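In what follows, a single structure is set out as structure tokens and then discussed.
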Amino acid sequence: MANERLRAALLERGVSIADLADAIRVDPKTVERWITKGREPYRKHRYAVASYLGTDETYLWPEALTREQVASASESEVVRVYPHRWAVPRDAWGRLFAEASEEIGVLVYSGLFLADDAGMVRMLGEKAGAGVRVRILLGDPDCAEVAQRGEDEGIDGGMAAKIRNVLVLYRPLRGRENVEIRLHRTVLYNSIYRADDQFLVNTHVYGTPAGNAPVFHLRRVQGGDMVNTYLDSFERVWAGAVPVGS
Numbered sequence: 001m002a003n004e005r006l007r008a009a010l011l012e013r014g015v016s017i018a019d020l021a022d023a024i025r026v027d028p029k030t031v032e033r034w035i036t037k038g039r040e041p042y043r044k045h046r047y048a049v050a051s052y053l054g055t056d057e058t059y060l061w062p063e064a065l066t067r068e069q070v071a072s073a074s075e076s077e078v079v080r081v082y083p084h085r086w087a088v089p090r091d092a093w094g095r096l097f098a099e100a101s102e103e104i105g106v107l108v109y110s111g112l113f114l115a116d117d118a119g120m121v122r123m124l125g126e127k128a129g130a131g132v133r134v135r136i137l138l139g140d141p142d143c144a145e146v147a148q149r150g151e152d153e154g155i156d157g158g159m160a161a162k163i164r165n166v167l168v169l170y171r172p173l174r175g176r177e178n179v180e181i182r183l184h185r186t187v188l189y190n191s192i193y194r195a196d197d198q199f200l201v202n203t204h205v206y207g208t209p210a211g212n213a214p215v216f217h218l219r220r221v222q223g224g225d226m227v228n229t230y231l232d233s234f235e236r237v238w239a240g241a242v243p244v245g246s
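Residue 204 in the UniProt record's numbering is what sits at position 204 of the sequence shown, and the numbering runs on without skipping anything.
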């Protein structure tokens, strides 16, 4: 689509394509493509054109600026990167859930390290008692996806066994108000641990146990879109999961 704003700005100021090209040191055919085909210049050229024409860059290329602003805001959502899940300090997990006032979400296959921590399970129960919604998604131990993940990690049926163990460890939470536990059958690319607008995202790497894979600490920033991507993924898995009986 042609960039009629740029065309109009040139006409209003009596500037030809050749004049603009010469002023910002690009080929006239490049400027013509910016106008007739709506091609977006590099950032330095957008700035040079706007300065030369005495207009606002966001007026001439609003979509380009929007994308860059979203990218910048999304980069600001990254609080910290850990090379392995085992490198995340225990108190970081504790602070994450302790600061939640509305929503806690856990999306894993087993997440045994969390369920095996009696203090963490107690905290989840206390948060639920204080009115925080606690949602836990575990892999269905009988599904093909869990079996495949166990095979990929080299533990075969050990993955399903870990999930059954976790279900036992979460018995103090099952049936409690504000706590929901469901089983999913998805191919899980990341484990997600949410506390309101903060997330710890544990990536999954083929052939590598989750504990040895990287973790991203994210915090939602206005205008960013990274956290929303993981939140949307969590909700899609939740919508298709099956509740665990109390």
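Even glycine gets a Cβ: it sits at the ideal position worked out from N, Cα and C.
What you are looking at is a predicted structure, and each value in this text was computed from that prediction instead of being measured.
| Item | Value |
| --- | --- |
| Any beta strand (DSSP E) of 3 or more consecutive residues that is wholly inside the stretch 100-182 | 103-107, 133-139 |
| Selected residue, minimal CA-CA separation from Ala-100, among Ala-144, Gly-129, Ala-115 | Gly-129 |
| Inter-stretch contact (C-beta, 8 Å, three-pair minimum) for the stretch 47-56 and the stretch 187-197 | no |
| Close Cβ partners of Glu-57 (< 7 Å) along its chain, the five nearest in sequence each way excluded | Arg-46, Tyr-47, Ala-50, Leu-65 |
| Three-state class that DSSP yields for Val-81 in the structure shown | strand |
| For Ser-16, the three-state DSSP class (helix, strand or coil) | coil |
| Counted within 10 angstroms of its Cβ, other Cβ atoms place Gln-198 as buried (16 or more) or exposed | buried |
| Within 9 Å, strictly: CB atoms of Pro-172 and Val-121 | yes |
| Close-in-space but distant-in-sequence residues of the same chain around Leu-114 (CB under 6 Å, 5 per side omitted) | Met-120 |
| Span separating the alpha-carbon of residue 254 from that of His-217 | A question about residue 254 goes unanswered here, because the residues of the chain that appear run from 1 up to 246. |
| Cβ pair count under 8 Å reaching 3, the stretch 164-184 against the stretch 226-245 | yes |
| Beta-carbon proximity of Leu-60 to Leu-188, cut-off 9 Å | no |
| Spatially closest choice to Leu-112 from Ala-87, Gly-154, Ala-160, by CA coordinates | Ala-160 |
| Same chain, Cβ closer than 6 Å to Lys-162, five either side skipped, listed in chain order | Ser-110, Leu-112 |
| Candidates Asp-22, Leu-167, Val-221, of which the one nearest Ile-136 by Cα | Leu-167 |
| Limits of the unbroken alpha helix (DSSP H) element including Leu-200 | Not the alpha helix (DSSP H): Leu-200 falls in the beta strand (DSSP E), residues 198-203. |
| Beta-bridge partners of Ala-50, as assigned by DSSP | In DSSP, Ala-50 forms no bridge with anything. |
| Sheet register partners of Asn-190 (DSSP bridge) | Thr-203 |
| As assigned by DSSP and simplified to three states, the class of Leu-10 | helix |
| Between the CA atoms of Val-179 and Pro-209 - distance to the nearest angstrom | 28 Å |
| Simplified DSSP state of Arg-220, which is helix, strand or coil | coil |
| Presumed contact (8 Å Cβ cut-off) between Thr-36 and Ala-2, rounded CB distance | 5 Å |
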